[in-house]
Amino acid sequence: MFSTPLDLAKIRAEFPILARKVNGQPLVYLDNAATSQTPLAVIEAISDYYKHTNANIHRGVHSLSQEATDQFEGARDKIRAHINAAHTHEVIITSGTTHSINLVAYGFGHLLDQGDELIVSELEHHANIVPWQMLCERTGAKLKVIPMTQDGTLDMEAYSNLLNARTKVVFVNHVSNALGIINPIEYIIKEAHAVGAAVLIDGAQATPHMVPDVRGLDADFYTTSAHKICGPTGIGMLYGKEEWLRKLPPYQGGGEMIDQVSFEKTTYADLPHKFEAGTPNIAGGVGFGAAIDYMHSIGFKTLAAHENDLLLHATEKLKKIDGMCIYGDVPNKVAVISFNVAGIHPYDLGTLLDKMGIAVRTGHHCCQPIMDHYKIPGTVRASFAFYNTHEEVERFIAGVEKAVGMLR
Amino acid sequence: MTIAEKQEEIVAEFALFDDWMQRYEYMIELGKTLPLIAPEFKTEDNIIKGCQSKVWAHAELDGDKVVFTADSDAIITKGIIAILIRVFSKQQPKDILEANTSFIDEIGLKEHLSPTRANGLVSMIKQLKMYAIAYQTQLS
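If you're matching them up, the sequences are chains V and L in order. Counting from 671, one number per residue, gives the positions in the first sequence under our numbering. Counting from 6, one number per residue, gives the positions in the second sequence under our numbering.
Written out as structure tokens, the structure reads:
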């Protein structure tokens, strides 16, 4: 019935966790938007690093240190190539998207004046709201919000009206984590640049499904986390245009980020090290690089096509369930379905699915403003990855049907 | 029936089921029997903190016994609180305070709840015992 160019049996064998049972049932993992699973290629890259190369980087005279440095910097260059950045020093290794956003928001504290304006969207993850609110508290800048429409898309006319000469930074996600909608970031960036504002794109939910072209997009900042794209947790990247990264002050002080230290005056290291105080997560960086290689070995176009098939299959079947309400059901989205069934609390549905071995996320997905917009306590979110199968979609649908029957 | 007898009764009921889907089904049924809180008490003040779904609880004194009512927007949560209320309602404050709650471990409820729901369960027990403390002070 369904054809896919992916050899799913082979791919799934590369993810040991997919073979385990949960509550006595074979695991159906549909919480990929929270954390994707890790293939052997990544697990082994991390394991090999610790077995053969582990040392501190950038300052050792010995061979292990040199090899560790080469691997870590090699990963940075893989990220650069992957996102099409012009320079490797425009790629900052961070602990993840949240760290990246805090780094940029902190830096803008030195560049803003009272009365300056920042623009956020209503669709953002709390990680792309709270650091900027904290920035506003420190600087007296004002936070403006691009409203969402009922179908979950952003109101671009309202956005244009928010922009003015006082707008300094615009920050939006490439893809909404709660709804899966792909936002028109090309347009958002172009409009922001027309008034001289910088733009930060939170790519955490886009990068599992597409290759971001930071130069093509003309993004000033772009960030993501490795664990969304089959890499390890606690590692991510921040891309920043060189001119912006030079303007921002260091975020944290420590080793690694300095040029000369004396009690009279300390000078900072050049990019990218200026933003990388302390010993980084070296093994994580190596794993991140391996994850990028792995994703490319499958091919983003191929995996996105399969994910889209799963999305259409699941959406069509879910819609047949009485009382089903899918949020953000628009054509331009990634393989994420956020839904509720009339009269049923998402937490109840998620609990029963878990008992059937089906992992979904329930709750507000760190997006309380979206839930407030729809006046709901939360949703059930099923998010698909390329290693999911149509059989798993069928089990998910049967699980929802069974749970709904029990809860009604 | 004493609190301990009621707990034994619930442990015996849960032992009748073969798997956790059936036990959840039973909890859903119990949720439907929950003595519902009067609408005027369904206030922000009566929300039990620490639960992912909303839970309201209220207590009144009937003679020397505490009578609990509650509600939740999630039905499994209603089932959990229905179990607690069945054990603790219409008992003297002193007995509620002295009661241990090991029956929850015996039926395996805690380990079969998600971590957030298990925390919520602890919060619920704490809140019911808080009411008992308040009424014990009032009675003495």
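We put the CB at the ideal spot given by N, CA and C, even for glycine. Note that the structure is predicted; figures quoted are calculated from it, not measured.
| query | result |
| --- | --- |
| Straight-line Cα distance separating His1035 (chain V) from Val815 (chain V) | 19 Å |
| is_contact[Met135 (chain L), chain V] using C-beta, thresh 7 Å | no |
| Alpha-carbon spacing of Leu980 (chain V) relative to Ile716 (chain V), whole angstroms | 31 Å |
| is_contact[Thr1021 (chain V), chain L] using C-beta, thresh 7 Å | yes |
| Supposed close pair Asp24 (chain L), Leu144 (chain L) - CB separation, criterion 8 Å | Rounded, the Cβ-Cβ distance is 44 Å, inconsistent with contact. |
| Cutoff 6 Å; reference Val692 (chain V); Cβ partners in own chain excluding five residues on either side | Gly1027 |
| Collapsed DSSP secondary structure at Ala123 (chain L) in the structure displayed | helix |
| Cβ pair Leu781 (chain V), Ala811 (chain V) closer than 7 Å | no |
| Cutoff 7 Å: Glu1071 (chain V) Cβ touching any chain L Cβ | no |
| CB contact flag (Pro942 (chain V), Ile681 (chain V), <7 Å) | no |
| Segment contact, 8 Å Cβ cut-off, at least three pairs: the segment 887 to 907 of chain V with the segment 704 to 713 of chain V | yes |
| Three-pair Cβ contact test at 8 Å for the segment 782 to 800 of chain V versus the segment 971 to 987 of chain V | no |
| Per-residue DSSP class, three states only, for Ile899 (chain V) | coil |
| Test item: CB-CB of Thr82 (chain L) and Ile42 (chain L) under 7 Å | no |
| Straight-line gap, Met135 (chain L) to Ile112 (chain L) (C-alpha atoms, nearest Å) | 24 Å |
| Top-ranked residue by Cα proximity to Asp1024 (chain V), from V:Leu832, V:Glu986, V:Arg1051 and V:His1043 | V:Arg1051 |
| Contacts of His1015 (chain V) in chain L (Cβ-Cβ under 7 Å) | Ser58, Asp78, Ala79 and Ile80 |
| CB contact below 7 Å: Trp25 (chain L) versus chain V | yes |
| Within 7 Å, strictly: CB atoms of Leu832 (chain V) and Ile871 (chain V) | no |
| Span of the beta strand (DSSP E) around Thr74 (chain L) | Lys70 to Ser77 |
| Min CB distance Leu1077 (chain V) to chain L below 7 Å | yes |
| Contact under 7 Å by Cβ, His796 (chain V) with Ile962 (chain V) | no |
| Under the three-state DSSP convention, the category Tyr921 (chain V) falls into | coil |
| Per-residue burial, Phe1009 (chain V) [other beta carbons within 10 Å of its own, 16 or more giving buried] | buried |
| Chain V within 7 Å of Glu30 (chain L), Cβ atoms only | yes |
| Inter-stretch contact (C-beta, 8 Å, three-pair minimum) for the segment 862 to 876 of chain V and the segment 831 to 846 of chain V | yes |
| Minimum length 3: unbroken beta strand (DSSP E) runs contained in the segment 7 to 94 of chain L | 60 to 67 and 70 to 77 |
| Pro98 (chain L) versus Ala689 (chain V): straight-line alpha-carbon distance, rounded | 51 Å |
| Burial state of Met671 (chain V), where buried means 16 or more other Cβ atoms lie within 10 Å | In this prediction, Met671 (chain V) scores a pLDDT of 46, lower than 50, which makes its location untrustworthy; no coordinate-derived value is stated. |
| Residue burial classification, Leu21 (chain L) (beta-carbon count within 10 angstroms, cutoff 16) | exposed |
| Runs of alpha helix (DSSP H) wholly within the segment 731 to 784 of chain V (minimum 4 residues, chain order) | 733 to 753 and 767 to 778 |
| Whole-Å CB distance - Thr758 (chain V) paired with Arg750 (chain V), under 8 Å assumed | 5 Å |
| Closer than 7 Å to chain L by CB, Asp1018 (chain V) | yes |
| Cβ contact (3+ pairs, closer than 8 Å) linking the segment 916 to 930 of chain V and the segment 768 to 779 of chain V | yes |
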